[in-house]
Amino acid sequence: WCIVPFDAKDRSPKERAEMLVRLGLKHVAYDWRAKHVQEFEDEILQYKEHGLNYFAFWDWHPSMEPLIRKHKIKPQIWKMMRNSTRATQEEKVKDAAEGLLPMVELTESLGLKLGIYNHGGWAGQPENMIAVAKYLRENHKAEHVGLVYNFHHGHEHMENFDSLMKQMKPWLHCLNINGMDDAAAVAADGNRKILDIGSGRHEIALLKTVRDSGYDGRIGILDHRTQLDAEVSLKANMDGLRKLVRKNLK
307 WCIVPFDAKD RSPKERAEML VRLGLKHVAY DWRAKHVQEF EDEILQYKEH GLNYFAFWDW
367 HPSMEPLIRK HKIKPQIWKM MRNSTRATQE EKVKDAAEGL LPMVELTESL GLKLGIYNHG
427 GWAGQPENMI AVAKYLRENH KAEHVGLVYN FHHGHEHMEN FDSLMKQMKP WLHCLNINGM
487 DDAAAVAADG NRKILDIGSG RHEIALLKTV RDSGYDGRIG ILDHRTQLDA EVSLKANMDG
547 LRKLVRKNLK
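Position one of the sequence shown corresponds to residue 307 (our numbering), numbered consecutively onward.
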């Protein structure tokens with residue numbers, strides 16, 4: 307995850323697919339910027355050629371609909387809900403849910419899962435994300451809607467993560483992990499927000515909570531650092547995660 311616009315090597319779709327094969331990875335969540343739109347179809351073709359699963363697509367672009375139908379791929383769609391400014395919590399939940407309805411309907415028609423993605427603010431609080439997903443399921447029969455939770459946008463949640471993980475577990479489509487320092491340290495130095503797994507202070511405890519919750523869904527690792535070669539960054543995260551599992555998570 308976060309390996310396209312954040313990659314210091316600015317790889318082509320073919321180069322990116324080859325990199326992922328070298329690393330032994332099989333599933334890709336694709337993020338993009340305007341300059342990548344012209345590469346969307348080649349990205350799909352390269353993943354197919356290299357045996358990679360096009361696991362998720364960030365946000366949305368209308369050119370993806372015909373490509374999804376043409377190539378018969380089924381990526382999850384990861385999308386933030388809006389930070390509603392309505393007066394009451396009930397009104398905010400309804401407003402945020404209704405803002406997602408066009409994407410709810412489109413993803414249902416394409417047979418895709420829709421993941422509400424945490425990215426700060428009211429819209430990035432797990433309780434609110436769950437409330438919106440629940441509203442959509444109960445009022446619009448949107449059983450394909452769930453959550454995508456990101457450690458790197460959840461430093462403020464660490465103290466209460468055990469409770470939050472229990473609440474989120476039935477709704478999670480994917481969990482993206484990261485090395486985690488104190489929220490105060492991240493606020494003081496933004497460079498501490500994205501860390502290799504194993505180099506932070508708190509990811510061991512968070513991952514033990516994930517393990518103990520019984521969660522058995524997808525887990526993502528990320529690059530998200532424009533100054534780094536994505537291959538180097540992903541390998542560091544894979545190595546760090548293996549060490550944590552071997553030493554601390556058995």
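Quick reminder that beta carbons are idealized off the backbone N, C-alpha and C, glycines included.
Do residue j and residue i come within 8 Å of each other at the CB atom, strictly closer than that value?
i: H461; j: L470; result: no
i: Q352; j: A323; result: yes
i: L329; j: K541; result: yes
i: M474; j: I436; result: yes
i: G421; j: L442; result: no
i: W477; j: A439; result: yes
i: N543; j: I527; result: yes
i: R531; j: F346; result: no
i: D365; j: K341; result: no
Residue range of the alpha helix (DSSP H) that residue i falls in?
i: N543; result: A536 to N554
i: Q395; result: Q395 to L416
i: V438; result: P432 to H446
Between the alpha carbons of residue i and residue j, how many angstroms are there, rounded?
i: G546; j: R552; result: 10 Å
i: E371; j: F363; result: 11 Å
i: N554; j: I510; result: 7 Å
i: L416; j: H459; result: 29 Å
i: L418; j: L550; result: 33 Å
Helix, strand or coil: which one does DSSP assign to residue i?
i: I350; result: helix
i: G426; result: coil
i: W307; result: coil
i: W338; result: coil
Between which residues of its own chain and residue i is the CB-CB distance below 8 Å, once the five residues before and five after are set aside?
i: I350; result: Y360, L373, H377 and I379
i: E449; result: R443
i: L512; result: F457, M464, F467, I483 and M486
i: V492; result: H461, R498 and K499
Suppose the cutoff is 7 Å on Cβ atoms and the five residues either side in sequence are ignored; what does the same chain contact list for residue i look like?
i: K332; result: L358 and N359
What first and last residue would you give for the beta strand (DSSP E) that runs through residue i?
i: R388; result: Unbroken run through R388: none, as it is neither H nor E.
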